[in-house]
Structure formats: structure tokens, C-alpha cells
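Working notes for the structure below.
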Amino acid sequence: AAGGTFQIMGETYRADSWTNVTPKIISNIGKNLHNQQHHPLCLIKQRIINYFYANFTNRSENPIFAVFDNINPVVTTHQNFDSLLIPEDHPSRAKSDTYYVTKDQLLRSQTSAHQEELIIMGFDSFLAVGDVYRRDTIDATHYPVFHQMEGVRLFSESEVFKGVNDPTGLTLFEDTNQIKRTSDKQESHTLDAVKLLEYDLKNTLSSLAHHLFGEDIQYRWVDCYFPFTHPSWELEILYKDEWLEVLGCGIMEQKILLNAGAKNKIGWAFGLGLERLAMKLYQIPDIRLFWSNDSGFLNQFKVEDPETPIAYKPVSIYPQCTSDLSFWIPKDYTENDFYDLVRSVGGDIVEQVTLVDTFLHPKHQKTSHCYRIIYRHMEKTLTQKEVNDVHRQITQAAIDQLKIEPR
Ligand code: PHE
Numbered sequence: 053a054a055g056g057t058f059q060i061m062g063e064t065y066r067a068d069s070w071t072n073v074t075p076k077i078i079s080n081i082g083k084n085l086h087n088q089q090h091h092p093l094c095l096i097k098q099r100i101i102n103y104f105y106a107n108f109t110n111r112s113e114n115p116i117f118a119v120f121d122n123i124n125p126v127v128t129t130h131q132n133f134d135s136l137l138i139p140e141d142h143p144s145r146a147k148s149d150t151y152y153v154t155k156d157q158l159l160r161s162q163t164s165a166h167q168e169e170l171i172i173m174g175f176d177s178f179l180a181v182g183d184v185y186r187r188d189t190i191d192a193t194h195y196p197v198f199h200q201m202e203g204v205r206l207f208s209e210s211e212v213f214k215g216v217n218d219p220t221g222l223t224l225f226e227d228t229n230q231i232k233r234t235s236d237k238q239e240s241h242t243l244d245a246v247k248l249l250e251y252d253l254k255n256t257l258s259s260l261a262h263h264l265f266g267e268d269i270q271y272r273w274v275d276c277y278f279p280f281t282h283p284s285w286e287l288e289i290l291y292k293d294e295w296l297e298v299l300g301c302g303i304m305e306q307k308i309l310l311n312a313g314a315k316n317k318i319g320w321a322f323g324l325g326l327e328r329l330a331m332k333l334y335q336i337p338d339i340r341l342f343w344s345n346d347s348g349f350l351n352q353f354k355v356e357d358p359e360t361p362i363a364y365k366p367v368s369i370y371p372q373c374t375s376d377l378s379f380w381i382p383k384d385y386t387e388n389d390f391y392d393l394v395r396s397v398g399g400d401i402v403e404q405v406t407l408v409d410t411f412l413h414p415k416h417q418k419t420s421h422c423y424r425i426i427y428r429h430m431e432k433t434l435t436q437k438e439v440n441d442v443h444r445q446i447t448q449a450a451i452d453q454l455k456i457e458p459r
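Numbering (the UniProt record's numbering), first residue to last: 53 to 459.
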């Protein structure tokens with residue numbers, strides 16, 4: 053409640069009207085799965101770092117990418133949004149999408165939050181790995197905490213045109229007053245420079261995909277939009293006959309470099325989701341497994357060399373139990389409020405929650421939602437009584453905390 057205090061990573065915070073982090077979410081902070089030896093997220097992090105260390109070195113053969121994997125996930129709204137030119141009215145800033153600690157501090161929703169500070173510190177090439185937090189739906193591929201790796205590489209003019217036979221007349225920038233932004237480039241950039249950078253970026257990332265998944269992997273580039281890059285792309289890889297988005301990337305907005313004191317350089321950035329990659333790479337069927345302490349899961353990843361191929365074998369699949377919950381929703385209700393409550397009360401035995409029906413009562417003008425909750429424990433068979441107990445607790449908590457009216 054507003055006014056109360058709580059702690060995250062040893063720091064004390066005072067709740068205000070923006071606070072929406074839950075104790076359940078806070079309990080995940082500091083676990084740093086990506087730094088736990090032999091954890092699949094750590095293995096995949098190491099494989100990506102190995103790729104960058106081996107393939108990008110300077111004259112004295114030292115790696116050029118600096119790695120940061122222990123930056124506090126509590127960041128400011130400036131870091132997570134403003135520094136990345138995310139507009140004031142962007143949906144990702146809403147309380148319904150992001151976990152706020154206080155009005156000005158939040159749990160980072162993307163590792164891009166660290167771009168500006170690391171460039172200000174003087175780094176030209178870096179990888180930043182960390183836990184990120186988003187309020188979202190509940191299913192096999194979504195969990196409110198997941199892990200990202202950010203990559204940034206800045207180039208000076210001579211670095212960009214290094215491979216060109218005759219670089220005379222080639223520049224990074226052109227006169228902003230005459231040149232407009234197009235689908236290919238930002239106003240201040242030359243087309244020569246961004247095309248070379250696009251080539252370098254796509255090459256770097258498709259080689260990474262081959263390093264991780266082998267030469268046979270099928271992938272494609274899709275044009276997309278981010279407020280902090282232009283142009284922007286997503287890399288999708290073919291997974292079980294479906295195109296799976298694994299990373300976003302693009303040419304960094306020049307204003308970010310200007311604000312960070314690197315105005316004479318241009319750069320690319322990417323952000324990739326470690327769970328997505330690990331699920332595909334190790335055939336892990338459910339995102340909750342990453343949080344499992346079960347030795348049947350963890351022991352399958354105990355390899356000395358992270359490059360060792362591993363295919364996860366489910367120890368056994370326990371049955372699902374399904375229960376529906378219908379209620380009239382109050383004013384100011386958002387679906388993510390319900391999902392958080394289900395996470396807090398039900399914990400990880402909830403596999404999926406779907407909104408299966410919405411009904412507007414013609415007379416009372418009240419809306420009702422029907423949610424289907426699928427329960428499944430990762431390590432044992434749930435009894436009907438256990439499921440009923442949890443379902444009742446969820447219903448009661450929704451009445452008490454969200455002021456819903458059961459139907
Ligand atoms: N931060 C973006 C996301 O979380 C990914 C991204 C990073 C895109 C860097 C472009 C550049 O979706």
C-alpha cells in the first residue's frame with residue numbers, strides 16, 4: 053500500500069501511487085539465473101559471449117566487447133524510456149505493462165535501459181545481460197521475468213569505411229537540413245554508412261545464429277519499428293514449423309549517441325531473449341522450467357563445456373487440471389492485474405490463463421470476464437483437492453484485492 057516500505061536488493065523503497073511490484077515478483081530479483089553455473093540460461097549466455105570473444109578482437113587479439121552481467125534491474129524511467137526516446141504516451145510506460153517500484157523507478161523491461169550509461173562510460177562495444185520484467189499473459193512461453201542480452205557496437209568514420217578500396221569522399225553524416233528520414237536511413241546519416249552498418253549487423257547476428265544452431269538453421273529478417281533504432285529489424289528462426297522472433301536490432305538513433313557524448317560515431321544495437329533461444333536450442337517445452345530447482349531438470353545441463361549439445365528430456369509429463377473463473381469486472385480493471393494476482397497466489401503451478409469469454413450485460417452495462425486457468429505442477433501430479441484449494445484462494449484474493457464480483 054502507498055506509504056509502506058519494502059526492500060529490493062538491500063535498498064529500501066517507499067511505495068507510492070505508482071508502485072505495482074508484487075512480493076512474488078520481488079522474490080525473483082537477485083536470483084540471476086544467467087549467472088548460475090550450468091543453468092541453461094548461463095550456458096547460452098556463455099556460448100554467445102564465446103562467439104563475440106572469438107570473432108571480434110583488436111590488434112593485440114584481445115576481445116573488443118566488454119561484458120556486463122550484474123547490473124541492478126531497478127532503473128529509472130529515464131534509463132528505461134527517456135534515454136531511448138520512447139514517447140511519453142507509449143503503451144510500454146503504462147502501469148498495466150511495467151512493474152513500477154515508485155513513480156521514477158521501475159524494474160527494467162529491457163536491457164536497452166543500459167545503452168546510454170555504458171556509452172557515457174566510454175564503451176564502444178559491449179554486451180549487457182540481465183533479468184527483465186514485464187506484466188504479461190500467462191502461458192508456456194511467457195513469464196513476468198525473463199532474460200535479455202543487449203549488444204552495442206559503435207564505429208568511427210575510419211572504422212566504417214575500413215574495408216572500402218577508395219574511401220575518398222565517403223562520410224558518416226550529411227547536412228540534416230536538406231535530407232529527410234526515409235525507410236532506409238535517419239536524416240543525418242549517409243546511405244553509404246548505414247548500408248555498411250546494416251551489412252555488418254546482419255552478418256554478426258546471422259553468424260551468431262549459425263554458431264548457436266548450426267549451419268542448417270533457417271532464419272529471416274523482418275522490418276520492424278523501435279523508437280531507439282532506425283532502420284530496425286527482427287530476426288526470426290524457424291522453430292517447429294513456426295517463425296519465432298528471437299531478437300530485435302537496428303541502427304541506433306543518432307540522438308542517443310549525441311546525448312551520450314559519442315556524436316562522431318554511428319552504431320548498431322540488438323537485444324535478444326535468452327529464454328527463446330534456450331527453449332529452441334535445448335528443446336525446453338515450458339518457460340517455468342528455468343525457475344525449477346528440480347534436479348531432474350538442472351542435472352541435464354551439468355556440462356563442463358557450454359558448447360556441448362544438450363537435448364532436454366522431460367522427466368515425465370504430469371496431467372493438467374482446468375478450472376474456469378467468471379466475474380464482473382470493476383472500473384479501472386486491467387487483465388494484467390488478474391494475471392499478477394494469479395501468479396502471486398497460484399505460483400508456478402499455473403501453466404496458462406486465457407480469457408475465454410467477455411460478456412457485456414445489456415441492462416446493467418457491466419462486463420464479465422471468464423478466465424480458464426490451467427494448473428500443472430512441474431514435478432508431480434496435482435490432486436483435485438490441491439487445485440480446488442488454490443482456485444478458491446485465487447477467487448477470494450480477486451474479490452478482496454481487485455474487487456471483482458463472482459458470477
Ligand atoms: N529492447 C528491444 C526489446 O526488448 C530489443 C532491441 C534492442 C531492439 C536493441 C533494437 C535494438 O524488444
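All C-beta atoms in this analysis are idealised placements derived from N, C-alpha and C, irrespective of residue type, glycine included.
As the structure is a computational prediction, the values presented were derived from the model and not from experiment.
Check: GLU359 C-beta below 7 Å from any heavy atom of the ligand PHE: No, the ligand PHE has no heavy atom inside 7 Å of this Cβ.
ILE451 classed as buried or exposed, judged by whether at least 16 other C-beta atoms fall within 10 angstroms: Note on ILE451: under 16 other CB atoms within 10 angstroms of its CB, so exposed under the neighbour-count rule.
Host beta strand (DSSP E) of PHE411 (start-end): Unbroken beta strand (DSSP E) run through PHE411: 402-412.
For MET201, the residue or residues it bridges with in DSSP: Looking at the DSSP output, MET201 bridges to VAL181 and LEU324.
ASP188 vs ASN388 beta-carbon contact at 8 Å: Yes. Within cutoff.
Those runs of the alpha helix (DSSP H) which lie wholly inside the segment 114-196 and span at least 4 residues: Fully enclosed alpha helix (DSSP H) runs of 4 or longer: 129-132 and 167-172.
Alpha-carbon to alpha-carbon, LYS317 and GLN106: Here residue 106 turns out to be Ala, not Gln, going by the sequence shown. One C-alpha to the other measures close to 24 Å.
Assumed close pair HIS199, LEU296 - CB separation to whole angstroms, cut-off 8 Å: Here HIS199 is actually not in contact with LEU296; their C-beta atoms are around 16 Å apart, not less than 8 Å.
Proximity to ILE290 [Cα-Cα], best of CYS422, PRO283 and VAL298: Per the sequence shown, the amino acid found at residue 290 is Leu instead of Ile. The shortest Cα separation from LEU290 among CYS422, PRO283 and VAL298 belongs to VAL298.
Start-end ranges of the alpha helix (DSSP H) lying completely within the segment 207-278, minimum 4 residues: Listed in chain order, they are 209-212 and 243-265.
CB-CB length for ILE101 against ILE78, believed under 8 Å: That pair is no contact at about 28 Å.
Contact the segment 228-243 vs the segment 258-274: 3+ CB pairs below 8 Å: Flag = no, the segment 228-243 and the segment 258-274 do not touch.
CYS373 beta carbon near the ligand PHE (any heavy atom closer than 7 Å): No, since every heavy atom of the ligand PHE falls outside the 7 Å radius drawn around the Cβ of CYS373.
In DSSP terms, what GLN59 is bridged to: BP columns for GLN59 point to THR64.
Minimum length 4: unbroken alpha helix (DSSP H) runs contained in the UniProt domain "FDX-ACB" (368-459): Within the UniProt domain "FDX-ACB" (368-459), the runs of alpha helix (DSSP H) at least 4 residues long that lie entirely inside it are, in chain order, 387-398 and 436-454.
Selected residue, minimal CA-CA separation from GLY313, among GLN445, SER135 and VAL127: It is SER135.
Reference HIS421; option with closest CA among ASN440, THR386 and PRO143: The shortest Cα separation from HIS421 among ASN440, THR386 and PRO143 belongs to THR386.
Which of helix, strand or coil DSSP assigns to ILE362: Three-state result, ILE362: coil.
SER284 beta carbon near the ligand PHE (any heavy atom closer than 7 Å): Relative to the ligand PHE, the nearest heavy atom lies less than 7 Å away from the CB of SER284.
THR64 Cβ short of 7 Å to the ligand PHE heavy atom set: No, the Cβ of THR64 stays beyond 7 Å of every heavy atom of the ligand PHE.
Cβ-based burial, ARG428 [other Cβ within 10 Å; buried from 16]: When all chains shown are included, ARG428 counts as buried.
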